[in-house]
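These protein sequence lines map, in sequence, to chains A and B. Residue numbers for the first sequence follow our numbering, so the first one is 1 and each next one is one higher. Residue numbers for the second sequence follow our numbering, so the first one is 1001 and each next one is one higher. The beta-carbon is built from N, C-alpha and C at its ideal position, and this holds for glycine as well. Each remark here refers to the structure printed beneath this line.
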Amino acid sequence: MKTFENNALQIKGLAKTYDNSFQALKGIDLEVSQGDFFALLGPNGAGKSTTIGVICSLVRKTSGSLKIFGIDIDQDFSAAKQYVGVVPQEFNFNQFEKPIDILVTQAGYYGIPAPVATERAYKYLKLLGLWEKHDVPSRSLSGGMKRRLMIARALIHEPKLLVLDEPTAGVDIELRRSMWGFLEDINRQGTTIILTTHYLEEAERLCRNVAIIDKGKIVQNTSVKNLIKQLNKETFILDIKGEINDIDAIDGYPLTMVDNSTLEVAIDKDKSLNQLFNHLTNEGIEIISMRNKANRLEELFIDMVGKNLTADEVSEDE
Amino acid sequence: MNNQQKWVAFETIVRREIRRFMRIWPQTLVPPVITMALYFVIFGKLVGSRIGEMSSLPYIQFVAPGLIMMSVITNSYSNVVSSFFGSKFQSNIEELLVSPTPNWIILVGYIVGGMARGLGVGLIVTLLSIYFADFSLYSLPVTIGIVLMTSLMFSLAGLINAIFATSFDDISIIPTFVLTPLIYLGGVFYSIELLTGFWKSLTLLNPILYMVNAFRYGMVGITDINIVGSFAMVGLFSALLFFLALWLLEKGSRLRS
């Protein structure tokens, strides 16, 4: 049954209870439109990886329904899988195989003959900057290269839906930005992308829509723009001339010192900045530059899930 | 997946399996050949010459078919168990599980990979045995038929072991504590006519006895047991193991959460 609907992914009442009775998903509903760049956010153990696991068949759902481009996985999971490419969180390729062999083999599992697969493998290895390493054992690749290899592997059968589970975890900022550019390109070419990440700056920069999942439930599902609008506070970083040892408190302007020459202040959106500047001027403090704290989304996220994102609560079921 | 795509997926798994054991040939192909050469020298020439005849055959001729079968069994089993468990351990089995490849293709692909190694090593050992003993093949269909079915059966058993295994200990327990004793007590080195009463009855419960005897019949024309019964037993066990392995894959046992 191949009926194309507007949604790349449609999840209804999806629930998962593991054998140890841990309820990872408590009946979530989620829709991702074709062509979307969608972020699935949540603290560790919230149910993100379980959701991805069900999409790619590594986790068996307890109840609910899931359609991929209109194909119900209960009806024809094999057909639905043709549309999905997955980049998992952990390296899960054979470290003794060469990148070229990993890609051609993966294509073979999708029924792509070796000559076509080899051509595609060359294309993606070049696009992702791995060409020079195509013929060495993959265990000799750097962490960033291994991540890119997993992206190439997920794309080898040219899926219409690409699911990435924290693809830039542990990747340096330069490489992260080049990966962002690559993902934006393939999204522009029509591939729907679902991304889970802990770098909320990443979600804010790349994604149009977002769902926040916490304790197995969707607590927010909207556009990134709408989410940002809900933010009633903005945090600014102020770089000052010279150094100070302390700063007087100002009513309504909670100032904190990041270090001796940097201040941070969280200001309600409807408040004027003039009073703050007047006060600092009176204190003899000269501001030489000011910027938004990058992670606006992080503030909202913390509000919604009531947790510190740096807390490392690893669930063994995820 | 259409039939052509399924064929490509099957071919891919088989090619990957063969590439794996060829890449590590010093671990997979050389040791069984050296072990078997030692068996031939010690049991065939040094000790065998003093034993004389077994079932009216020179001892080297009696023992050679059993040694060939032993290498087929251990290599078919160990190829699938180590490859499949290795994939589970490194999580790269997920590459296959997320793909549309049907479970029966995964199963057949791994089994054919295991048989390729088992039969490959069996062939090398057979060539080696020709150096030590004279053979005139008694029945080609029986020899080929039983060696194929035995290799199939132990490849299936290896896959089931790998599905249940959660550590490297789990993949060495069965070969060490079950397979090796069964092979050594399965009529490789002696005729069961030498046994009496309880021990003979107990040996008749050993499935490897039937395979070794059928293979020996195919090669040199003598057997302690009924050949048709051997084929029936190996066929029945292979069918049972095939459906058990397929059921475990369909269920996602120890593979999907």
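DSSP state of residue i, grouped into three classes?
i	result
A:S33	strand
A:T3	With a pLDDT of only 45 at A:T3, under the threshold of 50, the placement of this residue in the model should not be trusted; the figure read from the coordinates follows. Of the three classes helix, strand and coil, the one that applies to A:T3 here is coil, per DSSP.
A:Y253	strand
A:P159	coil
A:F22	coil
A:T281	helix
A:F96	coil
A:V54	helix
A:R291	strand
A:E166	coil
A:I240	strand
B:N1075	helix
A:N274	helix
A:E90	coil
B:N1002	coil
A:S140	helix
A:A79	helix
A:N308	For A:N308, the pLDDT reaches just 43, beneath the cut-off of 50, and the residue's location in the model is therefore unreliable, although a value from the coordinates is still provided. A:N308: coil per DSSP, three-state reduction.
B:T1150	helix
B:L1204	coil
B:L1248	helix
A:N221	strand
B:P1102	coil
A:N187	helix
B:P1181	helix
B:V1212	helix
A:G64	strand
B:L1029	coil
Going along chain A, which residues have a C-beta under 7 Å from residue i?
i	result
B:P1026	Within chain A, no residue comes near B:P1026; the closest Cβ sits about 14 Å away, beyond 7 Å.
B:I1097	Here residue 1097 of chain B is Leu; the residue named in the question, Ile, does not match the sequence. What B:L1097 touches in chain A: S57, L58.
B:T1012	T105, G108, Y109
Can the beta-carbon of residue i be found closer than 8 Å to that of residue j?
i	j	result
B:M1219	B:Y1138	yes
A:P137	A:K98	yes
A:K160	A:F37	no
A:R139	A:F77	no
A:G42	A:I212	yes
A:T191	A:E166	no
B:A1037	B:L1128	yes
A:D342	A:I11	Not covered by the structure: residue 342 of chain A. The range shown for chain A is 1 to 318.
A:L141	A:L128	no
B:T1072	B:F1043	Note on identity: in this sequence residue 1072 of chain B is Val, with Thr being the wrong assignment. No. Outside cutoff.
B:W1104	B:L1204	no
Along chain B, which residues have their Cβ under 9 Å away from the Cβ of residue i?
i	result
A:E90	S1091
A:V86	E1094, V1098
A:Y18	S1257
Give the C-beta separation of residue i and residue j to the nearest angstrom, bearing in mind that I take them to be a contact with Cβ-Cβ under 8 Å.
i	j	result
A:I194	A:K241	Not really, about 46 Å apart at Cβ, beyond 8 Å.
B:V1080	B:Y1110	5 Å
B:V1125	B:I1068	5 Å
B:V1142	B:Y1217	6 Å
A:Y199	A:T168	6 Å
B:F1215	B:P1032	Not a contact, Cβ separation roughly 16 Å.
A:I102	A:N92	Not a contact, Cβ separation roughly 11 Å.
B:G1114	B:S1076	5 Å
A:K293	A:D268	Contact flag wrong, Cβ pair sits at about 15 Å.
A:H134	A:I100	4 Å
A:N209	A:V219	Incorrect: roughly 15 Å between the Cβ atoms, too far for contact.
A:S63	A:G13	7 Å
Please list, in chain order, the chain A residues whose beta carbon lies closer than 8 Å to that of residue i.
i	result
B:K1006	G111
B:E1017	Per Cβ cutoff of 8 Å: no residues; B:E1017 is ~11 Å from chain A at best.
B:A1009	G108, Y109, Y110, G111
B:G1252	R60
Which bits of chain B does residue i rub up against, with CB to CB less than 7 Å?
i	result
A:N94	Q1090, N1092
A:G53	S1257
A:Q82	P1100
Quick one: list the residues of chain B neighbouring residue i, beta-carbon separation under 8 Å, in chain order.
i	result
A:V78	Rather than Val, the amino acid found at residue 78 of chain A in this sequence is Ser. Here the neighbours are M1001, P1100, P1102.
Does the pairing of the region 1006-1020 of chain B with the region 1150-1163 of chain B give three or more beta-carbon distances under 8 Å? no
Check whether the region 98-118 of chain A touches the region 152-159 of chain A, counting contact only when three or more Cβ pairs, one atom from each stretch, lie closer than 8 Å. In short, these stretches touch, since the Cβ pair count reaches three.
Any chance the region 276-291 of chain A sits against the region 45-63 of chain A, with 3 or more Cβ pairs inside 8 Å? no
Would you check if there are 3 or more beta carbon pairs closer than 8 Å linking the region 58-72 of chain A to the region 237-252 of chain A? no
Check whether the region 72-88 of chain A and the region 55-63 of chain A touch, using three or more Cβ-Cβ pairs below 8 Å as the test. Taking 8 Å as the limit for Cβ pairs, the verdict is that the region 55-63 of chain A does touch the region 72-88 of chain A.
Is the region 1176-1186 of chain B touching the region 1019-1037 of chain B, taking contact as three or more C-beta pairs under 8 Å? no
With contact counted as at least three CB pairs below 8 Å, one residue from each stretch, are the region 1160-1174 of chain B and the region 1236-1255 of chain B in contact? Yes, the region 1160-1174 of chain B is in contact with the region 1236-1255 of chain B.
Determine, using beta-carbon pairs with one atom in the region 1087-1100 of chain B and one in the region 1046-1057 of chain B, whether at least three such pairs fall under 8 Å. no
Does the region 275-283 of chain A come close enough to the region 248-267 of chain A to have 3 or more Cβ pairs within less than 8 Å? yes
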